[in-house]
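Start counting the sequence shown at 153; every next residue gets the next number (my numbering). Worksheet for the structure shown next.
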Amino acid sequence: MVRDPLIFAATSDLAGKMRGKAFPSRKLEKRIKSGVGWVPTNGLITCFDTIAPSPFGSLGDLALMPDPETLIQVDFEDGSAPERFVLCDITTTKGAPWSCCTRSMLKTAIARLKACAGVTLNTAFEHEFQIKQGPRAGGTAFTLESFAAQRAFGETLMEVLGRAGLHTDSYLKEYGADQFEVTVEPQQGVVAADQAAILRSLTHMTARRFEQAITFSPITDPAGVGNGVHIHMSFTNAAGAPITYDPAGPCGMSHTTQCFIAGVLKYLPQILCLLAPSVISYTRLTPHRWSAAFNNLGFQDRETAVRICPVTATDPIGIAQQFNFEIRSLDAASSPHLALAALVHAGCQGIEDNLDAPAISEGDLSELSPKALADSGYVRLPESLKIALDAFEADKVVRGWFPDTFSQVYLAHKRAEITYVEGMTDSDRYDAYAGVY
Ligand code: GLU
Ligand code: MG
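If you want it as structure tokens, here you go:
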């Protein structure tokens, strides 16, 4: 069949979806300069395609500006049309970053980190997802048999991710029903978020070719565990040397690490709506699901919002190279760019305010009385999207990290999403999210 190859110009938007428009690939050079037309009200399109009340209405014009460094061209060699897409910044017609461009917001956050701490952020994303299969009586967690049942899918996925320039690390049958996980190696700055968005898209594209229904939805069944997105972070200095670790610091945290984590934990309740942005995200963020229900710091503890991870090296240089911490509250309803921007700003605030190192949490915080919890210095994270949005709205410091109109647009967008799913039965609501992520 005759074909004129198309490149899809994509933005990872406020709904955590990749949206955009395609142009003939032979016009790439021209489009890199002139962009692709985009509309402000598109930022109000929810994950369900409803449009939240828009401050822009039918007015205004924007441009999706392709970043050629992010061009993905992957041929699955199965006779289907190769996938071609490129990530974009959204600008005004005068070329300034648009106030709701997630990629531009992340660039601002990364620049702030460089300015306040002189460090580069290295980030590795881990994604859990489910491959919907027929009913099964359990016995699948981490098993060879269940892995083998999806080996072909996993091998194609790893090859495709590799061809797209991602450095793949592992693919596993996770604990949950039908649950798998794919991890990639760390990348610096914005590239890590770009690759997270690319990974989600390529996983869906692989699934389509296997005629498999998959979902990254935060949770598909309240009786089971959720699908998390965990972010491993570490810092390097201008010379590329690791500076996350200090043998003299608490649990090995360097001063920068302590302050950064303190900022993340202090502001976690207020930024949670950007990390766990769906209505059902808050079912996942409940105790005993190995996600994050409190703003606590753990040493190798998977029931904490931030976990200091183990290292296998025993010599100081090896330890410093491996040392990293993991942020566990995210899910894939978030834009990786927006979520990372929020985390980096929170960390920068912790560095700029020289916040003290948080104490390591011990035991099960969910079993503490309200008074004992208050004494521990930790708080239960918002228990619904509505409460999380209110916490964001009420915090002037946090809103100040983002461009002026962003908060207004984001709050309108997410409140419309709440309204949309409000009348559904629980099971319809889980299915609706499973269908769109
Ligand atoms: N499924 C868990 C989550 O929702 C994470 C389990 C793990 O890999 O530690 O984040
Ligand atoms: Mg996992």
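Glycine included, each C-beta is placed from N, C-alpha and C at the ideal position.
TODO: Would you check whether ligand 1 has a heavy atom nearer than 7 Å to the C-beta of Trp250?
DONE: No, since every heavy atom of ligand 1 falls outside the 7 Å radius drawn around the Cβ of Trp250.
Task: Cβ pair count under 8 Å reaching 3, the segment 179-186 against the segment 164-171 - done: With fewer than three CB-CB distances shorter than 8 Å, the segment 179-186 does not count as touching the segment 164-171.
TODO: Give me whichever residues DSSP pairs with Ser164 in a beta bridge.
DONE: When DSSP reads this structure, Ser164 sits in a beta bridge with Met170.
Task: Bridge-paired residues (DSSP) for Glu235 - done: In the DSSP assignment, the residues bridged to Glu235 are Val226.
- [ ] Would you identify the three-state DSSP class for Asp453, choosing helix, strand or coil?
- [x] Asp453: coil per DSSP, three-state reduction.
- [ ] Could you check how far apart the C-beta atoms of Phe475 and Gly587 are, in whole angstroms? I think they sit under 8 Å.
- [x] Not quite, the Cβ-Cβ distance comes to about 40 Å (not below 8 Å), so this is no contact.
Task: DSSP three-state assignment for Ala391, whether helix, strand or coil - done: Residue state, collapsed to three classes: coil.
Task: Residue burial classification, Val334 (beta-carbon count within 10 angstroms, cutoff 16) - done: That one is buried.
TODO: State the CB to CB distance for the pair Thr372 and Gln282, rounded to an integer number of angstroms; the pair is presumed to be in contact (CB under 8 Å).
DONE: Confirmed, about 6 Å.
Open item on the list: Nearer than 7 Å: is that true of the beta carbon of Glu514 relative to any heavy atom of ligand 2?
Closed with: Not under cutoff, so the answer is no.
Task: Alpha-carbon spacing of Ile350 relative to Pro220, whole angstroms - done: Here the alpha carbons of Pro220 and Ile350 stand approximately 14 Å from one another.
Open item on the list: Looking at chain C, is there any beta carbon in it that lies within less than 8 Å of the beta carbon of Gln339?
Closed with: In the structure shown, chain C does not exist; there is a single protein chain.
- [ ] Kindly list the residues whose CB is nearer than 7 Å to the CB of Ala269, restricted to its own chain and excluding five residues on each side of it in sequence; keep chain order.
- [x] For Ala269, where only same-chain residues beyond five positions count, the Cβ hits under 7 Å are Thr408 and Ile503.
Open item on the list: Using the three-state DSSP reduction, which class does Asp321 fall into: helix, strand or coil?
Closed with: Look at Asp321 here: in three-state DSSP terms it is strand.
- [ ] Name the two residues that bound the continuous alpha helix (DSSP H) containing Ile469.
- [x] Residues Pro468 to Gln474.
TODO: Go through its chain and collect everything with a Cβ distance to Tyr311's Cβ below 7 Å, but skip five positions before and after it.
DONE: Here residue 311 turns out to be Glu, not Tyr, going by the sequence shown. The beta carbon of Glu311 is closer than 7 Å to none in its chain, skipping five residues each way along the sequence.
Task: Integer-rounded CB distance, given that Leu525 should sit under 8 Å from Leu517 - done: For Leu517 against Leu525, the beta-carbon gap comes to about 6 Å, under 8 Å, which counts as contact.
Task: DSSP state of Gln501 mapped onto helix, strand, coil - done: Note: Gln501 maps to helix in three-state DSSP.
- [ ] Report the rounded CA-to-CA distance for Gly380 versus Thr355, giving the unit in angstroms.
- [x] Looking at the two C-alpha atoms, the distance is approximately 15 Å.
Task: Any non-hydrogen atom of ligand 1 within 7 Å of Asn476 CB - done: With a threshold of 7 Å, the Cβ atom of Asn476 does not count as near ligand 1, since no heavy atom of the ligand is closer than that.
Open item on the list: Could you check if Glu280 belongs to the surroundings of ligand 2, using beta carbon to heavy atom distance under 7 Å?
Closed with: Relative to ligand 2, the nearest heavy atom lies less than 7 Å away from the CB of Glu280.
Task: Assigned exposure category for Phe446 - 16 Cβ within 10 Å defines buried - done: Answer is buried; the Cβ neighbour count reaches 16.
- [ ] Give the straight-line distance between the Cα atoms of Glu278 and Glu337, rounded to the nearest whole angstrom.
- [x] Distance between the alpha carbons of Glu278 and Glu337: 9 Å.
- [ ] Please report the residue range of the alpha helix (DSSP H) in which Gln560 lies.
- [x] Asp556 to Glu574 is the span of the alpha helix (DSSP H), which, as asked, contains Gln560.
Task: Closest by C-alpha distance to Arg236, when choosing among Pro374, Ser177 and Asp505 - done: That would be Ser177, whose Cα lies nearest to the Cα of Arg236.
Task: Proximity winner among Thr396, Thr295, Gly415 and Leu537, relative to Val468 (alpha-carbon distances) - done: The question names Val, but residue 468 is Pro in the sequence shown. Taking the Cα of Pro468 as reference, the smallest distance to any Cα among Thr396, Thr295, Gly415 and Leu537 is reached at Thr396.
- [ ] Leaving out five residues on either side along the sequence, give the residues of the same chain with a beta carbon under 8 Å from the beta carbon of Val271.
- [x] If we look at Val271 and ignore the five residues flanking it on each side, its Cβ neighbours are Leu265, Phe387, Thr388, Asn389, Ile395 and Thr408.
TODO: Return the CA-CA distance between Met217 and Tyr589, expressed in angstroms with no decimal places.
DONE: As the crow flies, the alpha-carbon of Met217 is around 25 Å from that of Tyr589.
- [ ] Starting from the C-beta of Met357, find all residues in its chain whose C-beta is less than 6 Å away, skip the five residues before and the five after it, and write them out in chain order.
- [x] Excluding five sequence positions before and after Met357, the CB atoms of its chain that fall closer than 6 Å to its own CB belong to Glu235, given in chain order.
- [ ] Could you tell me whether any non-hydrogen atom of ligand 1 is closer than 7 Å to the CB of Val377?
- [x] A distance criterion of 7 Å places the beta-carbon of Val377 in contact range of ligand 1, judged by its closest non-hydrogen atom.
Open item on the list: According to DSSP, is Thr139 part of a helix, a strand, or is it coil?
Closed with: One cannot answer for residue 139 here, as it falls past the ends of the chain, which runs 153 to 589.
Open item on the list: Is Arg315 near ligand 1 - that is, is its Cβ less than 7 Å away from at least one heavy atom of it?
Closed with: The closest heavy atom of ligand 1 lies 7 Å or more from the beta carbon of Arg315.
TODO: Measure the alpha-carbon distance for Pro157 versus Ile460 and round it to whole angstroms.
DONE: Cα-Cα distance, rounded: 46 Å.
Task: beta strand (DSSP E) segment containing Gly189, residue limits - done: Start and end: Val188 to Trp190.
Open item on the list: I need the DSSP call for Thr386, collapsed to helix, strand or coil.
Closed with: At residue 386 the sequence reads Ser, which differs from the Thr that was named. In this structure, Ser386 counts as strand in the three-state DSSP scheme.
Open item on the list: Here's the rule I'm using: 16 or more other beta-carbon atoms within 10 Å means buried, otherwise exposed. How should Ser430 be labelled?
Closed with: Looking at its Cβ environment, which holds 16 or more other Cβ atoms inside 10 Å, Ser430 is buried.
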